[in-house]
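One line per chain: the protein sequences are Y and B, in this order.
Under the numbering used here, the letters of the first sequence match residues 5 to 107, in that order.
Under the numbering used here, the letters of the second sequence match residues -1 to 197, in that order.
The beta carbon of each residue, even a glycine, is placed where N, CA and C say it ideally should be.
None of these values were measured; they are calculated from a predicted model.
These notes concern the structure reproduced below.
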Amino acid sequence: MNGIHDLGGMHGLGPINPEQNEPVFHEDWEKRAFGLFAATFVFTGYTVDEFRHYIEKIPPAHYLEGSYYEHWLYSFEGALIKYGHITRDELDARIAQLQSGGH
Amino acid sequence: MAKPHAGTPEPDPAIRVRALESILTEKGLIDPKALDALVETFETKIGPRNGAKVVAKAWVDAEYKKRLLADATAAIKELGFSGLQGEDMVVVENTPDVHNLIVCTLCSCYPWPTLGLPPVWYKAAPFRARAVSEPRSVMKEFGTELPETTEVRVWDTTAELRYLVLPERPPGTEKMTEEQLAALVTRDSMIGVTKAKAP
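This is the structure:
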């Protein structure tokens, strides 16, 4: 599938700016997102290609602005909903609850 | 697919992760302790020190190097490194005439068992875009300048196949032990943006 993810050779994206002594994870939520990667593979049985397919469907602006583990979130959400493990409404409700300070 | 909520900002990713993890935990689909263990493994046990051991062994053991270049997956497994995102490995050798660089233009594929999780710059758009079209200028940003006569080969990693660069053994290291040599092998040198460190 052609799309924004196909970055090879694209111009105008600027310098690389490697971070010195970079930690494995920058934020705690990234650790949880990473852990979910392996955990969801186990019970959904989806493939790496499928995992990427959901990432490649991210709207281009979100794709370029979002960080790596945010891309993964789109993929988890897409796959978990497709396989019927969660529903969009269930997820949105939980997000709203957490945003309002609920636990 | 995940609804993009066109025009509105996405909820904070930290909240989205908590929402997913809490729902999946309540349903008994995941165990938060298993997630903790996985995170700890990748923070402390799996990283570029593994790849450095492979490289150092190849530098001191010609037979191992031969096996590594012929069947990298099997040779790397001899040292105990295998598994997720390293199922099919190819090692490409740097020589005075050829310098290799790895990238994943389509996403962020990377050999986890030997290098751990990739740095942010490897996954970000500028490196992925430029590595294939202007590898020398990319390497220059990492302080690496190669002679014009050196051929640069760029390998685009896929979900199925992961590359590892075997850097050149630095001069002046003839008397060093395998362990001392491994300390010269950096993550960046196994991606190919730099050479191994000088002793």
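Non-local beta-carbon contacts of residue 193 of chain B in its own chain, meaning distances under 8 Å to residues more than five positions away in sequence, involve 92, 142, 165, 166, 168 and 187 in chain order. With distances taken between CA atoms, residue 23 of chain B lies nearest to Y:43 out of Y:43, Y:31 and Y:21. The Cβ-Cβ distance between residue 103 of chain B and residue 130 of chain B falls below 8 Å. Flagged as an interface residue toward chain Y: residue 157 of chain B, by a C-beta distance shorter than 8 Å. Assignment of residue 154 of chain B by DSSP, reduced to helix, strand and coil, places it in the strand class.
Residue-level contact by beta carbon fails for residue 144 of chain B and chain Y, as no gap is shorter than 8 Å. Counting of Cβ neighbours within 10 angstroms places residue 11 of chain B among the buried residues, the total reaching 16 or more. Rounded to the nearest whole angstrom, the CA to CA distance from residue 55 of chain Y to residue 49 of chain Y is 10 Å.
By the Cβ criterion, the stretch 45 to 60 of chain B is in contact with the stretch 76 to 90 of chain B, since at least three pairs of Cβ atoms, one from each stretch, lie closer than 8 Å. Assigned with DSSP and collapsed to three states, residue 108 of chain B falls in coil, not helix or strand.
Rounded to the nearest whole angstrom, the CA to CA distance from residue 95 of chain B to residue 196 of chain B is 19 Å. Fewer than three Cβ pairs drawn from the stretch 115 to 128 of chain B and the stretch 57 to 76 of chain B lie within less than 8 Å of each other, which leaves the two stretches out of contact. Among the CB atoms of chain B, none fall inside 8 Å of the CB of residue 54 of chain Y. Listed in chain order, the positions of the stretch 33 to 49 of chain B with a beta carbon within less than 8 Å of a beta carbon of chain Y are 33, 34, 36, 37, 40, 41 and 45. Taking the beta carbon of residue 189 of chain B as reference, no residue of chain Y falls within 8 Å; the closest one sits roughly 10 Å away.
Residue 9 of chain Y carries a coil assignment under DSSP once its states are collapsed to helix, strand and coil. Rounded to whole angstroms, the separation of the alpha carbons of residue 189 of chain B and residue 171 of chain B is 21 Å. Closer than 8 Å to the CB of residue 10 of chain Y there is at least one CB belonging to chain B. Here residue 16 of chain Y is exposed, its C-beta having fewer than 16 other C-beta atoms within 10 Å.
DSSP, reduced to helix, strand and coil, places residue 90 of chain B within a strand of the structure shown.
Per DSSP, residue 160 of chain B is one residue of the beta strand (DSSP E) stretching across 160 to 164.
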